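Below: one structure, written as structure tokens.
Number of protein chains: 2
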Amino acid sequence: MAGAKLADVALEAGVHVGTVSRALNPATRSRVNAETAARIIEVAQRLGYEVNITGRALRTQRTQTVGALIPDLTNPLFPRIVRGVEDSLEKAGYTALITNTDNDAQRERRMIAALTSRQVDGFLIASARLDDQALKEITEEGVPVVVINRTSADARASAVIADDSQGIADVMAHLVALGHERIAHLAGPGDTSTGQARLKAFEAALDRYGLQHRSELVVRAEAYTIAAGTRCLRELLKRGNPFTAVVAGNDLLALGALDALKENRIPCPERVSVVGFNDIDFAERLSPALTTVRVPKYELGARGAELLLDMIYSGREISTVTLPVTLMIRDSTAPPPLPGTGLFGL
Amino acid sequence: MAGAKLADVALEAGVHVGTVSRALNPATRSRVNAETAARIIEVAQRLGYEVNITGRALRTQRTQTVGALIPDLTNPLFPRIVRGVEDSLEKAGYTALITNTDNDAQRERRMIAALTSRQVDGFLIASARLDDQALKEITEEGVPVVVINRTSADARASAVIADDSQGIADVMAHLVALGHERIAHLAGPGDTSTGQARLKAFEAALDRYGLQHRSELVVRAEAYTIAAGTRCLRELLKRGNPFTAVVAGNDLLALGALDALKENRIPCPERVSVVGFNDIDFAERLSPALTTVRVPKYELGARGAELLLDMIYSGREISTVTLPVTLMIRDSTAPPPLPGTGLFGL
DNA sequence: CTGTTAGCGCGTTCAT
DNA sequence: ATGAACGCGCTAACAG
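Each protein sequence line maps, in turn, to chains U and V. Anchor point for the first sequence: position 321 equals 462 in our numbering, and the numbering is continuous, going up by one each time. Anchor point for the second sequence: position 42 equals 183 in our numbering, and the numbering is continuous, going up by one each time.
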């Protein structure tokens, strides 16, 4: 028989509910006679006792559940992060309520309300929008928050991020070593911390290598999607300014860029090199296999969850953890075409 | 101020908590004076009242939360299903606790325990294992269960499935029309309903077209993974029995098969055609673009959640819904090589 | 060491 | 139409 409760165990063991509660909780077990504790545990097992976390939560104000706000689970970046989150949480007996936000402010608000209503002990937020009024409100109420793969203007939230600037620096070093000079950037949305950080790193690299800043070679994507990548590269082509390499804000934008190149019969990497960011699953199985920056997705989630648990349990102070990245050189990057041999736009 | 509770609203509105409860619940609102109800609602809004679902659950035995058991979120099939689940649930004010099971019995048990402990109102199970003792136990306790993308031996669970046999029939018709006669099958795990159904459909098609059953051309995968697909195709090659086409149990197995072909320098589709199942995201961006059977992933999840809500609310009877599939012909299938022009194994 | 009591927030019954 | 009281399952404070 499953679904037994404290009262059932108490009755069967011939003791009071309070004693059962103490005996079953490792933290308070020492306060009860060893023999009776053993008997209670035996009875609990026999009766199939399972704690009712709802009841416990009402009393302890702890649901042992956290809310996870994910922009879009169908972006292969996030399932890996979620796996990390899940594994870290499980060790502590926690569970995650996972919701998709589509980076949509309205939807995000609804989800936060649904999660708050369920008394989650904290939030893991991988949604990227920076101007996050909703986030501000929950931190102000003192609910622990950790943001993942983004920074937060709010000093009350911890953060786990990948080293965006190092990643872009590695990309640029790679492209410059190949001989590229006219490098375009498909920047991520301006209201995301990754979009901002990567653009900044891109510009810093231009300076580092003495390359000219050309505003016509930077296009802002309105979202981190394949479709946005396609639109941006079309825009780039329309502007007519020659380039031999494209640094995309993330892998999905890079995929969209590849589509646009293909539809214009511009071979990659022969005439234009393309680089992504994140190294999503399948990036290496595309044609051409995508050169990209690998971010430690699982660790991002795992560390984020650990940080959150620390905040919940020990109210530990706010911190920001930056994880290292790795440039994965594959087939979408190559030396630029020789001048006069068909450089696009020249 | 957010986080107000019934008592706060009652105090401010100068009425009793019970009245506030009735006024705020649309179902019981009619039982309270229209004017006071309006006042209460106004006060609730002003104070930022949010129902505490934990408290409500303790009383109503409804957490408005369901558990979702997913084998592996990093398989792109599942995020799409989850999106459907989420959208259907949200309309009813429900939320999903999503967990990865890895199709591992131990892990599945732990997850079910964690979810049961949180008093979920029902389960959505996309895990594929058939001999599901744990599932049996929860249905026996009367907890509503819907299985997704699999059938269940247990008559107490509803199911939403894709039309596996139609899908395989379409695949076989396609291959036969191209001229294939020696068709191999990388069957999914034997303890999954999809693995069984697709193998059965494969064999039925052999009969239909008068093709010989060759047991050497059927290999069982131990899991639905890329690695398993690679292992299986290597095994197939080792057996030395010639074949010109491979019908894989799902897309991941097909990807693994493509890897094994590549490592043996067997060009696809020139010498061997490969077909997958599911049409995961990115299937069309692979090289070669994968011919596969598209299953309506979002609908699978959405219908599954609807069925579950029906069971929770109206205790509606068990049913099985089969959704239609579509063959997506892409670049991984072509006519078999002409005899004598390098057919593998001949 | 253990029993008793109280209360977390809510919905519902029973009075009035 | 509304107030009062109870209890869902659990833990924590207090007695003894």
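Backbone N, C-alpha and C define an ideal beta-carbon position, used for all residues, glycine too. Everything numeric in this text was worked out from a predicted model, so none of it was measured.
Asked                                                                                                                                                                                                          : Found
Please name the residue or residues paired with residue 264 of chain U in a DSSP beta bridge.                                                                                                                  : U:208, U:286
Tell me whether residue 412 of chain U sits in a helix, a strand or coil according to DSSP, three-state version.                                                                                               : coil
Can a CB atom of chain V be found closer than 8 Å to the CB of residue 486 of chain U?                                                                                                                         : Confidence in residue 486 of chain U is poor, its pLDDT being 46 and thus under 50, which makes the residue's placement unreliable; the coordinate value appears in the next sentence. Taking Cβ atoms only, chain V never reaches closer than 8 Å to residue 486 of chain U, which makes this a no.
How many Å lie between residue 476 of chain V and residue 314 of chain V at the Cα?                                                                                                                            : 13 Å
Is the Cβ-Cβ distance between residue 422 of chain U and residue 240 of chain V less than 8 Å?                                                                                                                 : no
With a threshold of 8 Å, are at least 3 pairs of Cβ atoms found where one atom belongs to the stretch 366-377 of chain V and the other to the stretch 390-397 of chain V?                                      : yes
Along the chain, where does the beta strand (DSSP E) containing residue 361 of chain U start, and where does it finish?                                                                                        : 359-361
Consider the Cβ of residue 238 of chain U: report whether some Cβ of chain V lies at a distance smaller than 8 Å.                                                                                              : yes
Take every Cβ of the stretch 200-207 of chain U, pair it with every Cβ of the stretch 406-424 of chain U, and state whether three or more of those distances are shorter than 8 Å.                             : no
Would you mind stating whether residue 195 of chain U and residue 335 of chain V have Cβ atoms separated by less than 8 Å?                                                                                     : no
Quick one: does residue 194 of chain U have its CB under 8 Å from some CB of chain V?                                                                                                                          : yes
Starting from the C-beta of residue 424 of chain V, find all residues in its chain whose C-beta is less than 6 Å away, skip the five residues before and the five after it, and write them out in chain order. : 392, 431, 433
Work out the CA separation of residue 376 of chain V and residue 486 of chain U for me, nearest whole Å.                                                                                                       : Reliability fails at residue 486 of chain U, whose pLDDT of 46 lies under 50, so the model's placement of it is uncertain and the value that follows must be treated cautiously. Those two C-alpha atoms are separated by around 50 Å.
Any contact between the stretch 299-307 of chain U and the stretch 463-472 of chain U? By contact I mean 3 or more CB pairs, one from each, below 8 Å.                                                         : yes
Using a Cβ cut-off of 8 Å (strictly closer), state whether residue 223 of chain V contacts chain U.                                                                                                            : yes
Among residues of its own chain, excluding the 5 on either side of residue 252 of chain V, which ones have a beta-carbon nearer than 7 Å to its beta-carbon?                                                   : 210, 240, 242
So residue 215 of chain U is in the beta strand (DSSP E); what residue range does that whole segment cover?                                                                                                    : Looking at the DSSP string, residue 215 of chain U is not in any beta strand (DSSP E), and its letter there is neither H nor E.
Can you pull the chain U neighbours of residue 260 of chain V, defined as C-beta to C-beta under 8 Å?                                                                                                          : 193, 194, 195
Who are residue 326 of chain U's beta bridge partners in DSSP?                                                                                                                                                 : U:359, U:388
Measuring only the C-alpha atoms, how far is residue 197 of chain U from residue 238 of chain U?                                                                                                               : 18 Å
Taking all protein chains shown into account, do 16 or more other C-beta atoms lie within 10 angstroms of the C-beta of residue 326 of chain V, making it buried, or fewer, making it exposed?                 : buried
Put residue 347 of chain V into one of helix, strand or coil per three-state DSSP.                                                                                                                             : helix
Could you name the residues of chain U that residue 418 of chain V contacts, counting a contact when the two beta carbons are closer than 9 Å?                                                                 : Near residue 418 of chain V there are no residues of chain U at all, since even the closest Cβ is about 17 Å away, more than 9 Å.
Could you name the residues of the same chain whose beta carbon sits closer than 8 Å to that of residue 162 of chain U, not counting the 5 residues immediately before and after it, in chain order?           : 147, 169
Please return the same chain residues whose Cβ sits closer than 8 Å to the Cβ of residue 316 of chain V, not counting the five positions on each side in sequence.                                             : 324, 386, 388, 414, 416, 474
Can you tell me the Cβ-Cβ gap for residue 442 of chain U and residue 223 of chain U, rounded? I've got them flagged as a contact below 8 Å.                                                                    : 6 Å
How many angstroms separate the CA atom of residue 360 of chain U from the CA atom of residue 455 of chain V?                                                                                                  : 53 Å
To the nearest angstrom, how far is the alpha carbon of residue 427 of chain V from that of residue 472 of chain V?                                                                                            : 9 Å
Beta-carbon of residue 428 of chain U versus every beta-carbon of chain V: anything under 8 Å?                                                                                                                 : yes
Label residue 186 of chain V either buried or exposed according to how many other C-beta atoms from any shown protein chain fall within 10 Å of its C-beta, with 16 as the threshold for buried.               : exposed
Taking only the alpha-carbon atoms, compute the straight-line gap between residue 261 of chain V and residue 176 of chain V and give it to the nearest angstrom.                                               : 37 Å
Residues of the stretch 210-222 of chain U with a CB closer than 7 Å to any CB of chain V: list them in chain order, please.                                                                                   : 214, 215, 217, 220, 221
Using the C-alpha atoms, what's the distance from residue 281 of chain V back to residue 356 of chain V?                                                                                                       : 39 Å
Which residue comes first and which comes last in the alpha helix (DSSP H) that contains residue 162 of chain U?                                                                                               : 158-165
Do you know whose CA, among U:460, U:480, U:310, U:342, lies nearest residue 294 of chain U's CA?                                                                                                              : U:460
Buried or exposed for residue 351 of chain V, going by 16 or more other Cβ atoms inside 10 Å?                                                                                                                  : exposed
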